[in-house]
Every structure is written in C-alpha cells, then in structure tokens.
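A short worksheet on the structure shown next.
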Amino acid sequence: MYELVAFYLFAALTIGMFCVTVFSKNALYSMSALAGGMIFISGFFFLLDAEFLGVVQIIVYSGAIMALYAFGMMFFDSTDEVKEDFVAKKTVYTLAILSAVLIVIILAAPLWGAHLENAVLVTENLGNVQSLGLAMFTNYLIAFELSAVMLLVAMISGIVLVSKQLDNSITLADEVDTQESL
Amino acid sequence: MIGFTHYLIVAGILFSIGLVGILKRKNLLMLFFSTEILLNATNIGFVAASKYYGDLTGQLAAFFIIAVAASEVAVGLGLLVLWYKRTGSINLDSLQIMRG
Amino acid sequence: MMEKLLYIALFSPLIGSLFAGIFATKPKLLITGVVTSALIGISMIASLMLLGYVDGVTTVNVKLFDWISAGSFDVGFGFVVDQVSVIMMVTVTVVSTAVHVYSIGYMEKDESFNRFFSYLSAFVFSMLILVMSDNFLGLFIGWEGVGLCSWMLIGFWYHKESASWAANEAFIMNRIADLGMLLGIFLIYWQTGSLKYSEVFGAVGSLAPATISLIAIFLFIGAMGKSAQFPLHTWLADAMEGPTPVSALIHAATMVTAGVYLLVRANPIYSFVPEVGAYIAALGAFVAIFAATMALVNNDLKRIIAYSTLSQLGYMFVAAGLGAYWIALFHLMTHAFFKSLLFLGAGNVMHAMEDELNIKKMGGLYESMKVTAILMVIASVALAGIYPFAGFFSKDKILEVAFNEGAYLIWFALLIGAALTAFYSFRLIMLVFFGEKNYEKYKIIPHEAHTYVLMALAPLGALAVVAGFFESGFEHFVTTLLPTYSFDIASFTAGLLIVGTLLVALSGIGFAIYIYRVKGGFPPSIKDRPCYKLLINQYYIPDIYKKYITDPFASFSFRAWKSIDQAIVDKSVDTIAMTLRNIGQKANKMQTGNLSIMLRWMVVGLVVLMILALIYRP
Chain A
1 MYELVAFYLF AALTIGMFCV TVFSKNALYS MSALAGGMIF ISGFFFLLDA
51 EFLGVVQIIV YSGAIMALYA FGMMFFDSTD EVKEDFVAKK TVYTLAILSA
101 VLIVIILAAP LWGAHLENAV LVTENLGNVQ SLGLAMFTNY LIAFELSAVM
151 LLVAMISGIV LVSKQLDNSI TLADEVDTQE SL
Chain B
183 MIGFTHYLIV AGILFSIGLV GILKRKNLLM LFFSTEILLN ATNIGFVAAS
233 KYYGDLTGQL AAFFIIAVAA SEVAVGLGLL VLWYKRTGSI NLDSLQIMRG
Chain C
283 MMEKLLYIAL FSPLIGSLFA GIFATKPKLL ITGVVTSALI GISMIASLML
333 LGYVDGVTTV NVKLFDWISA GSFDVGFGFV VDQVSVIMMV TVTVVSTAVH
383 VYSIGYMEKD ESFNRFFSYL SAFVFSMLIL VMSDNFLGLF IGWEGVGLCS
433 WMLIGFWYHK ESASWAANEA FIMNRIADLG MLLGIFLIYW QTGSLKYSEV
483 FGAVGSLAPA TISLIAIFLF IGAMGKSAQF PLHTWLADAM EGPTPVSALI
533 HAATMVTAGV YLLVRANPIY SFVPEVGAYI AALGAFVAIF AATMALVNND
583 LKRIIAYSTL SQLGYMFVAA GLGAYWIALF HLMTHAFFKS LLFLGAGNVM
633 HAMEDELNIK KMGGLYESMK VTAILMVIAS VALAGIYPFA GFFSKDKILE
683 VAFNEGAYLI WFALLIGAAL TAFYSFRLIM LVFFGEKNYE KYKIIPHEAH
733 TYVLMALAPL GALAVVAGFF ESGFEHFVTT LLPTYSFDIA SFTAGLLIVG
783 TLLVALSGIG FAIYIYRVKG GFPPSIKDRP CYKLLINQYY IPDIYKKYIT
833 DPFASFSFRA WKSIDQAIVD KSVDTIAMTL RNIGQKANKM QTGNLSIMLR
883 WMVVGLVVLM ILALIYRP
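Residue numbers (this note's numbering), protein chains in the order written: chain A, 1 to 182; chain B, 183 to 282; chain C, 283 to 900.
Structure below.
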C-alpha cells in the first residue's frame, strides 16, 4: 500500500521536475529542478531496496555534481537567456517517444515470462552495503580499479584545463620569487 | 502490485524527456543537464532489474554509471568554461565551424 | 624456287610501300619514286617468269600460315598461281610499272610525292593479294584493300573538298556492294563448309539450284560495285578527282577489273545458273550503251575516258555472262593496255595545259606534243577495234559470242556501242590534237613531257598494237583452266560479222573526223536540245540519287542523332549522374557541423536500428 503511493508520488514528481529542466527558459530554474529530480530518483532507489545506492546518489549527484554545475554557471552570464528556436517540434517529439517505446519493448520483451538466474547470490543475512561490497570486490574488482583511475584522470584534466601558469612551480621556486608570484 | 514493467515505463518516460531535452536545447549547459537525465533514467532501469531478479549486478552497474557521470561532468564543464572564455558564448551554433 | 618467285612478286610492292611510307611527311625525295618503281619492276619480272613456268599441268600453291581457326571454321592464308591469276598478275604489274615511272614525272612538282608512291605501291600489293589468293576470304581482304587504297588515292589532294567527297562516294558505293559480296561468301561457307576455291567448286554441284543462283547473284552484286555497273556507277566518273596516274592504274587496268576477275574465277558457280549469266550479260550491254552515250557530249578530258572504261566493262560482263570466260579475260588484258595508255597520255596533255581539263579549250596540240599524240591515236584506234590493233581481236570476239548465243538484241546493242566508241574516241582526238588552237586565248604554252615518261609509255603502246596476235596462244593457255567456248556459226557468217563490225567502227571514225575537221564541230545550238541536256547531266542520275537517297538518309541520320542519340542515350547516362549528384547534395545537409542537427540524426539512426532489431528478431 505504502509502496504504491510512494511509487506514484515519486514518479510524478520526478517527471515533473525533469520536465521543468527540459522546458524552462531560465538556466537557474532548470538547474534547481535537476537537483530536485536527483533527490527523487534517490527515493526510487530506496524503494527498490538499494539503500547504499540511494545514499550514493544523493551525495554524488545532488551534492557533488550539482555543486559543480552551480560553480560552472557562475562563469556564464545567466541573465541573458539564450535564444532558442525550437525547430521541428513534431519530429523531435515523435523521435523521442518512439525511441523510448522501442527501447522498452526491446529490452523488456525477452524478460516477460523468462526466468533469469542470479549471477551474484544475494544472501538475506548481510545487509545491502555488505553484499554490495562483497560483489564489488570479488566479481567486479577490475571495474572498480578502472573507475578509480578514471576519476583521477578526470580530476587532473579538470585542473589542467582551467589553470594558468602551470609552468611555475611554487614549491620549487626560490624565496624571492614566491613573494611575487603570490 | 508494482511490477518490473512499471519501473521500466517510468525509466522510458524519463529517457524520452531526456532525448527531447538533448534535441531541443541550444544552450550547451542545458544540454549537459539533459544528458544527466538520460543517465539517471538508465540507472532506474538497472536497479529495478536488480531488485526483481534478485541479482546485485544491476546495482553495481548503476554504481559505476554514477562514477562515470561524475567524471564526465568534471571534464565537460572544464571544456565548456574554456570555450566560453575563448568565444564568449555558450550557444550551440557558435560551435559550428564547418559550413554545411 | 617458284615459291620464292611468288613471294617476291607478292611482297615487293609492300616493301616499296613501307619504304616510301617512312618518308611520307617529308618533302619530295626522288629516291622514293625510283625505289618503288624498281620494286614494282622486280615484281613484274617475277610475274613474267611465273608466266613462263605455269602451264596446264603445273601450278604453284603456297600456304603462308593458318589464319583463322575457330571451331570448325578453318581458313588459311594461301596463294595460288594458276593460269588465270598469272595473267592478271602480269597485267597488273606491267601497267603498274609504267604508271610508277610515269608518276615520277607527273608528280614532280607535288609536295606529297612520297606519300603518293606509298599509296600506289600499297594499292598494287592489295590487288596482287586479290588475284593470288586461293580462298574467298583472301579475295575479300584484297577487295577491301583496293577499296581503301583507292579511297586514299582518289582523295589524295584532300584539301580539295570535291576530291574528298569523290573519295567518300567511291568508298561508300563499294561498301554497299560489298554487303552483297559478304552475303555471297557467307552463303558459300554455310552451304559448302569451306572457302577455298578448289573445295568450293567441287562441292557446288551438289547444291540446290536456288542456292547457287543466290550465291551467283550476291557475288555479282559485289562485282557491280567494284566494276561500276548500273546503278552503282556514279563513283567512276567522279573518281577522276584523283591524280591521272591513279585513274590510269585503278580505273583502267586493275581495280575495276576485279569484278570481272571475280566472275571469271567463280565460273564453275556461274556455269550452273545460265539465267543469272543472261541477266549479267543484259546489264553489261545496257551499261555499254549507257556509258557510251554519256561520253558523246562530255567536255571533260578524263571523264570521256572514264565513261569509255565503263562502257568496255559492260563488254567484259557480256562475255562473262554468256559463258565465254576466257574471252572476257582476254578483253580485260588488252583493254588494260590501251586504256591506261589513253589515261597517261591524257595526263601528259593535262600537264601541258597546266591542269586544264576542258577539251573545248584545247586544240591543235599535235604540233607541240607529237609523241603523245601518236600514242593516244594508237590507243584510240585500239579502243575503236580496228585491225590489226589489240582491241579488234577481243571486241570482235565478244560480238561473235553474243551472236552465237542467239542474243541478237545484245549483239545489236554492242554493235551500236562500237560505233559510238569509235565516234567519241576520235572526237576526243580531233578536239584535243587537231583543229584551232583555242589554248592561245588562255596564254598557255604547251610542252611535251619528259623523255623518261614517254619511254615508260612506249611498252604500253607496243602492247596495244601487238597484244591481239597473242590470241590463240592465250586461248590455249587459259582454257586449260577455264571452260572453252565453241562457236557454231558458219565461217562465212563469222567473216561477214567481222567485216560488218569493222565497217561500223571505221564509219564512226570517219564521221568524227568529218564533223570536227571539215565542219568544225557541231553548232552551238545543239546545247539546247533536250537529249543533249539529258546526256550532259548523266541522265540526271546523280541528282536522283541525291534527292531520293542521300538527302533523306542524311536527314534521317540527323534526326537519329538528335532525338535518339542525344535525347535518349546521352540523357539516360546523364540522368544517372545527375541523380547521384542530387542525392549527394541533399545528403550534404546532414554534415553541417551543428551539434543539434547531428544529435537529431543520431537519434534518427538509433530509432531506425531499433525498429530493425524489432522486426528481425531472431
């Protein structure tokens, strides 16, 4: 009963928020709506017994990524609205709806009535976090390491892209130059 | 009551909203927002699959997708800032150097 | 040894042609003329030696190489020297040697001197292939070769529009006739399974008469084109556009006689179908009179001689059609000598009159060109058929043949033709060499030709005189291969015929001398008479051809070009290209560089792939 209510509530809210993101003319509004939508998706994850993922969603998405977007928006002049002429509305809508329907059908059709096997065993004794950790560090270890490397690379690239005077090294400079460079 | 199909339908709707946003937006920043929507829609699908078939693979996939999305945002925003500094505009059409 | 002679005789002209061809674009080199003439002379000597060697028993057969071997179709490239071909070889080479030496003098001021000798020798080579080949396909090769060389030679001065037009006319008319000949050759192969003379003639007896008639008719159509029988005759008169030695060689002695040679060579075929032969003879008689009437009024020096050639060809076809093949060959040989002499003499006159051809503007040239005049008189007397010159023996025999066969109409036509021949030949002589000196009005000073030119003409003159006496020897020689012809006339009637013909010819000559010497020519009012107009316009036949054949064909070709070739063929090819280009231009819009557009196309592609995945689910 609660599950039903919660599901429909979260669904409506998510869709509403994301519609605002897509159709709003104001950049600030759309960003805020995006952040809201992220929270509600996290709600979905909790509904689906994926507590760890739900928390990670809130921390990473709404916390880090939206903060990044907010900082990024500070660079741009968000008062002037970008003029958008929405050409060929019908085509776009048709394409979008068609692709969504097709994806669902394609992905869901073999699953209807089929009986899949568990690849990774879920034992009821462990909580969600422990079982996730067990699966990750045994079966998906490589993926874990690689994503760590990828995050490192992303960080370095972020620094390199926007910084100036990368040649001057403060640590290795002399006392006299340090004063001037500061 | 709530079956796997319900979640798939929600994911599909969110996916189509994200597609509309990608095709519609001329502001590059808004384009990135729509990309985030797409990623989240797929996340819902994965986790729902994980729940209804008792398999943790779906949650792990969603996890890694979140990690990838984070790094993608970092790099993407960095590039966007650079472009803005160079051309002073974040309109999509200013990105076009080729003449059709 | 004899094979070597054959090769020498055959290939010397080719070597001469190639040698002269090297210098074709260079200015005049006397050595080309001398070398080519010497090589043709060598060929002549080889032919004469072969003449001495070949008698009734021995012939020289040579197979050079296997030429076409496709499935069951096997044709070798072989040559045979038997009685008929050796006679033709001797005729061709003797006349060609004289013409070559003559041309050294005639073309001395021409800048394309070397090219001329190359073409001339190539022509002789093709003609030798024609007469020496031992199968129909080799004959056809030589046939086409002489057609090509005659085109090159008639249109030798290609800068002149009329010359290249005449060359095209000759070639195209020959080509139309060659279609008939090809059909005949196809029919021969289809019915007898071989193209070699010996095999074909052995097998032809077993075919159905209708087939043999068809073969005979088709081969004759080919002969009609080469020997300019009606209606394919207009090219002969127009072919006078070429240099005079060309006219002498081609149109007097060699090329036009190729048709007669074909009939003589294929006589086993024709002896089975005498009705086709009768038709050939009737056509020949018609042409004899037809051409003689046109020569009566013409004022162009070379055209008169050309029409007389046409007329004499008619005589030869009468003989061949009625079955007297050796007589036709004999007349061919004697005609070659005196006709080429006539042409070369006319060339001398032309040179003296600075290329003027209208005989009304000449006259009284006897005093300045005695030797040429004497030679031309000899040739004309031989042509008219007066005893003891060569033409008498051969022409008379043909009239006897016509009488013998009971074809009295043909005989009468040929008699009239003899009278006309005598008249116009001496009209020519009178107007050119005797009478008032009209050329003085045009400030021309005529001079005689070089001595070596006259010396080249001398052997021809001698042969025109004495060749008739070889008649019985000729008959014995040739009838070992060709069928004999027996006369059933009482000797008294034969004698009467001979005397009658002689009287007719003499009266023709007398009439001509009377009109032109005594009465000073016909009155100018004769030009207004309708029959004069008919004759001088060649019975309006060229105009008829132009109006009803050439012009409709030209307009049809033009329309075919415009509405079929350009509109359909070109258009369809262009449409393919244009369609591709338009598709490319429209597809160009996909690659704009605009991110939004590209994203849209990406989604479109995605949707298409998903639909496909849905449809073709395994």
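Don't be surprised by glycine CBs; every beta carbon is placed ideally from N, CA and C. On a predicted model such as this, the values are computed, not experimentally measured, just so you know.
- Looking at the DSSP output, Phe-355 (chain C) sits in a beta bridge with C:Ala-352.
- Looking at the backbone, the Cα of Gly-462 (chain C) and that of Thr-318 (chain C) are separated by about 35 Å.
- Listed in chain order, the alpha helix (DSSP H) runs fully inside the stretch 152 to 176 of chain A amount to none, counting runs of at least 4 residues.
- Note that the C-beta distance between Ala-610 (chain C) and Leu-545 (chain C) is below 9 Å.
- Assigned with DSSP and collapsed to three states, Asn-876 (chain C) falls in coil, not helix or strand.
- Interface annotation, Ile-59 (chain A): not in contact with chain C, CB-CB separation never under 9 Å.
- For the set C:Phe-759, C:Leu-891, C:Thr-874, C:Ile-879, the Cα lying nearest the Cα of Ala-88 (chain A) is the one of C:Ile-879.
- Looking at B:Ile-247, B:Ala-251, B:Gly-260, the one whose alpha-carbon comes closest to that of Phe-71 (chain A) is B:Gly-260.
- Interface with chain A (9 Å Cβ-Cβ cutoff): Gln-241 (chain B) is included.
- Cβ contact annotation for Gly-298 (chain C) (same chain, cutoff 6 Å, sequence separation greater than five): Thr-318, Leu-321, Ser-403, in chain order.
- The DSSP-derived three-state label of Lys-815 (chain C) is helix.
- Rounded to the nearest angstrom, the gap between the Cα atoms of Ser-163 (chain A) and Val-885 (chain C) is 36 Å.
- Contiguous alpha helix (DSSP H) elements confined to the stretch 642 to 701 of chain C occur at 652 to 666, 672 to 686, taking only those with 4 or more residues.
- What Leu-220 (chain B) touches in chain A, judged by beta-carbon distance under 8 Å, is nothing: the nearest beta carbon there is about 10 Å away.
- Not one beta carbon of chain C lies nearer than 9 Å to the beta carbon of Met-183 (chain B).
- In the three-state DSSP reduction, Leu-639 (chain C) falls in the coil class, being neither helix nor strand.
- Rounded to whole angstroms, the gap between the alpha carbons of Ser-590 (chain C) and Val-528 (chain C) is 16 Å.
- Contact of Ala-70 (chain A) with chain C is not assigned, every C-beta pair being separated by 9 Å or more.
- Counting of Cβ neighbours within 10 angstroms places Val-851 (chain C) among the exposed residues, the total staying below 16.
- Within chain B, no residue has its CB atom less than 9 Å from the CB of Ala-67 (chain A), the nearest being about 10 Å off.
- DSSP places Val-538 (chain C) in the coil class of the three-state scheme, outside both helix and strand.
- Looking only at C:Ile-458, C:Leu-604, C:Met-644, C:Pro-309, the smallest Cα-Cα distance to Lys-391 (chain C) is reached by C:Pro-309.
- Per DSSP, Tyr-898 (chain C) lies in no alpha helix (DSSP H) segment and is marked neither H nor E.
- C:Leu-710 is the residue among C:Leu-710, C:Leu-346, C:Ser-385 whose C-alpha sits nearest the C-alpha of Tyr-648 (chain C).
- Of the candidates C:Ile-497, C:Ser-480, C:Leu-477, C:Trp-447, the residue whose Cα lies closest to the Cα of Leu-465 (chain C) is C:Ile-497.
- Distance from the Cα of Ile-248 (chain B) is smallest, within the candidate group B:Leu-205, B:Ile-272, B:Val-263, B:Ile-226, for B:Ile-226.
- For Glu-3 (chain A), the chain B residues whose Cβ falls inside 9 Å of its Cβ are Met-183, Ile-184, in order along the chain.
- Interface annotation, Met-280 (chain B): not in contact with chain A, CB-CB separation never under 9 Å.
- Between the stretch 723 to 741 of chain C and the stretch 380 to 397 of chain C, the count of C-beta pairs closer than 8 Å reaches three or more; the two stretches touch.
- Counting every other CB atom within 10 Å of its CB across the protein chains shown gives Phe-355 (chain C) a total below 16, marking it as exposed.
- Neighbours of Leu-888 (chain C) in chain A, taken as residues whose beta carbon is under 8 Å from its own, are Ser-99 in chain order.
- Leu-665 (chain C) is positioned such that its CB atom lies no closer than 9 Å to that of Ala-628 (chain C).
- Beta bridge pairing from DSSP links Lys-478 (chain C) with C:Asn-417.
- CA-to-CA, the gap between Tyr-235 (chain B) and Arg-207 (chain B) works out to about 37 Å.
- Collapsing the DSSP output to three states places Phe-46 (chain A) in a helix.
- Listed by position along chain A, the residues whose Cβ is nearer than 8 Å to that of Thr-217 (chain B) form an empty set, because the closest Cβ is around 11 Å away.
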